[in-house]
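Protein chains in written order, with our numbering: chain H, 18 to 133; chain D, 154 to 261. Using N, Cα and C, we set each Cβ at its ideal position, and we do this for glycine too. Note sheet for the following structure.
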């Protein structure tokens, strides 16, 4: 498809397990963003890539969270030793221009992560 | 205090009513976005504004940079407009800062 694709759509894991969430941005989009949305809340910024460079990771809540985009296209958000507070919808967005400046961000449908 | 505040948090309307959702922000921005989120999580970008007013179909978005305020209006509302509407500002460092959303329900 032409939009941002995220997989899986739903992920259930036991506390302590590691999980990996995938984002396929729109082809040719330079900027890629990860957001975390807790139930009933607005999304919150996690991290931002420009091509393969991770320019801002100030929103990652702990060192258990790690994101990569090694070839400047697909990105993976990894959460190690998951905790119940990690349960949320994880949204990926991409935009065309450098830094996304003055370009709209296109969102995927998100991955709903539930930690038991 | 959140950097982006929306009001109201919840809104119900009868089909055909004119709807206004407000957004105030306290940080410097390069642009403001209005987003629509349906149950299940998918987010659709409705508008990106840096000044003035934009219109798309029955939707109108305005922004007043001096007052740090934006409004989203829906004319002739319809049940399919039921969704969460989120205001998000693009900070000077490019990341989006989101409001908590306004849950709109339009009844026939």
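Run the CB neighbour count on residue i, radius 10 Å, all protein chains shown included, and call it buried at 16 or more, exposed below.
i	result
residue 70 (chain H)	exposed
residue 161 (chain D)	exposed
residue 134 (chain H)	Residue 134 (chain H) lies beyond the range of chain H shown here (18 to 133); nothing can be said about it.
residue 86 (chain H)	buried
residue 232 (chain D)	exposed
residue 123 (chain H)	buried
residue 50 (chain H)	buried
residue 45 (chain H)	exposed
residue 167 (chain D)	exposed
residue 103 (chain H)	buried
residue 99 (chain H)	buried
residue 205 (chain D)	exposed
residue 48 (chain H)	buried
residue 42 (chain H)	buried
residue 117 (chain H)	Interpretation of residue 117 (chain H) is limited by its pLDDT of 49, a score under 50 that renders its predicted location unreliable; no figure is taken from the coordinates.
residue 159 (chain H)	Residue 159 (chain H) cannot be examined here, being either before or after the span of chain H that is shown, 18 to 133.
residue 254 (chain D)	buried
residue 111 (chain H)	buried
residue 169 (chain D)	exposed
Return yes when the Cβ of residue j is within less than 8 angstroms of the Cβ of residue i, no when it is not.
i	j	result
residue 65 (chain H)	residue 248 (chain D)	yes
residue 26 (chain H)	residue 128 (chain H)	yes
residue 130 (chain H)	residue 120 (chain H)	no
residue 211 (chain D)	residue 229 (chain D)	yes
residue 22 (chain H)	residue 125 (chain H)	yes
residue 63 (chain H)	residue 72 (chain H)	no
residue 53 (chain H)	residue 105 (chain H)	yes
residue 20 (chain H)	residue 251 (chain D)	no
residue 259 (chain D)	residue 235 (chain D)	yes
residue 97 (chain H)	residue 132 (chain H)	no
residue 180 (chain D)	residue 158 (chain D)	no
residue 226 (chain D)	residue 171 (chain D)	yes
residue 134 (chain H)	residue 95 (chain H)	Here chain H covers residues 18 to 133 and nothing more, so residue 134 (chain H) does not appear.
residue 190 (chain D)	residue 199 (chain D)	no
The beta strand (DSSP E) with residue i in it runs from where to where?
i	result
residue 253 (chain D)	Unbroken run through residue 253 (chain D): none, as it is neither H nor E.
residue 61 (chain H)	61-67
residue 39 (chain H)	36-41
residue 157 (chain D)	157-160
residue 214 (chain D)	212-217
residue 231 (chain D)	Segment: none, residue 231 (chain D) is in no beta strand (DSSP E) and carries neither H nor E.
residue 55 (chain H)	Taken as a continuous stretch (DSSP letters only), residue 55 (chain H) belongs to no beta strand (DSSP E), as it is neither H nor E.
residue 243 (chain D)	236-244
residue 28 (chain H)	27-30
Please check if any C-beta of chain C sits within less than 8 angstroms of the C-beta of residue i.
i	result
residue 253 (chain D)	Of the protein chains in the structure, H and D, none is chain C.
Secondary structure, beta strand (DSSP E): runs of 3+ residues fully inside the segment 71-133 of chain H:
Taken in chain order, the unbroken stretches of beta strand (DSSP E) that lie wholly in the segment 71-133 of chain H and span 3 residues or more are 82-85, 92-96, 105-112 and 128-132.
Hey, is the segment 168-187 of chain D in contact with the segment 199-218 of chain D, meaning 3+ C-beta pairs nearer than 8 angstroms?
Yes: the two stretches touch, three or more of their Cβ pairs being nearer than 8 angstroms.
Taking 8 angstroms as the cut-off, does the segment 234-248 of chain D touch the segment 171-180 of chain D (at least 3 CB pairs, one atom from each stretch)?
At 8 angstroms Cβ cutoff, the stretches touch.
Note down, one range per segment and in chain order, each beta strand (DSSP E) of at least 3 residues found wholly within the segment 169-209 of chain D.
Correct list: 172-178, 182-190, 196-202 and 205-209.
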